[in-house]
């Protein structure tokens, strides 16, 4: 039997310089836990997997809102592993993330990797709505197959709107049934046999006054300015550890640059 579940959270200023979580609703395999962030004005929520999910046929969703002035970090306790499940005839699973960031609010959305196991079929969608003065740091990582196995079928789409206008709309597809399969998504012009893909998005109003130029971040990563106050880092790597290292380096550099600009 497939699982349908939606977890919800809302962060808002607590009136004392911190951030409260008036809504924190777990559902199905998506357990939300408030975790400690010592000496930080950010509220922190960790997604803890309560069962193996998503399996083919499951419908999972997370809805997160950082209200005006709130500061929120959301991370995860472990990777999400898409699995085939017991029914080979089941529809693809879906995992939908809806994020909203209000005026003057900050959201750091930093889940762990999404692993596409052999035989799984998953459609992941992330939708973001940003107010004009909102700030967002978002990381997504896709690992194509567990160690020593081929990938499942994975489609991901990331759409971001700022002040009601499109900022980013990107769709990626890998594995059986992907456009150009077999070979297209894995060819020398795309992944060239690599099995880890990641994106790091940083949206900040300060980029309106000081946009960053496009440039390479090593042999397998690139920074691209968007048509708005945001930059997108895209990277590929041989494995999850190397990919995380590339994205962590890019994150530190970008955040340090913002601090210097504001200083």
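Residue numbers (the numbering used here): 78 to 340.
No residue lacks a Cβ here, since even glycine has one placed at the ideal position from N, Cα and C.
Just so it is clear, the structure is predicted and the values come from calculations on it, not from any experiment.
- Put simply, of 263, 316, 202, 261 the residue whose alpha carbon is nearest the alpha carbon of residue 237 is 202.
- With contacts defined by Cβ atoms closer than 8 Å, residue 189 and residue 150 do not form a contacting pair.
- For residue 223, there is no enclosing beta strand (DSSP E), as DSSP gives it neither H nor E.
- By a beta-carbon distance limit of 8 Å, residue 97 does not contact residue 84. Their separation comes to about 18 Å.
- Here residue 270 is exposed, its C-beta having fewer than 16 other C-beta atoms within 10 Å.
- Shortest Cα-Cα distance from residue 160 to any of 229, 266, 329, 291 involves 229.
- DSSP, read as helix, strand or coil, puts residue 275 in strand.
- In chain order, 81, 171 place their CB closer than 6 Å to the CB of residue 136, counting only its own chain and leaving out the 5 sequence neighbours on each side.
- With contacts defined as CB atoms closer than 8 Å, residue 199 and residue 253 fail to qualify as a contacting pair.
- When DSSP reads this structure, residue 175 sits in a beta bridge with 140, 204.
- Residue nearest to residue 164 within the set 176, 196, 88, 140 is 196 (criterion: CA-CA distance).
- In this structure, the beta-carbon distance from residue 208 to residue 180 falls below 8 Å.
- Distance from the CA atom of residue 306 to the CA atom of residue 218, rounded to whole angstroms, is 22 Å.
- Here the alpha carbon of residue 186 sits roughly 20 Å from the alpha carbon of residue 319.
- Residue 294 sits close to residue 327, with the two beta carbons spaced by under 8 Å.
- Within the stretch 283-335, the runs of beta strand (DSSP E) at least 3 residues long that lie entirely inside it are, in chain order, 298-302, 307-314.
- Look at residue 146 here: in three-state DSSP terms it is coil, with no helix or strand label.
- Here residue 117 is exposed, its C-beta having fewer than 16 other C-beta atoms within 10 Å.
- In the structure shown, residue 267 adopts coil according to DSSP, grouped into three states.
- Linking residue 109 to residue 122 through their CA atoms gives a straight-line distance of about 6 Å.
- If you draw a straight line from the Cα of residue 114 to the Cα of residue 120, it comes to about 7 Å.
- In this chain, the beta strand (DSSP E) harbouring residue 193 covers 191-193.
- Residue 180 carries a coil assignment under DSSP once its states are collapsed to helix, strand and coil.
- Between the beta-carbon of residue 298 and that of residue 310 there is about 6 Å, and that keeps the pair under the 8 Å contact cut.
- Judged by DSSP secondary structure, residue 158 falls within the beta strand (DSSP E) whose first and last residues are 157-159.
- At the C-beta level, residue 126 and residue 216 stay beyond 8 Å of one another.
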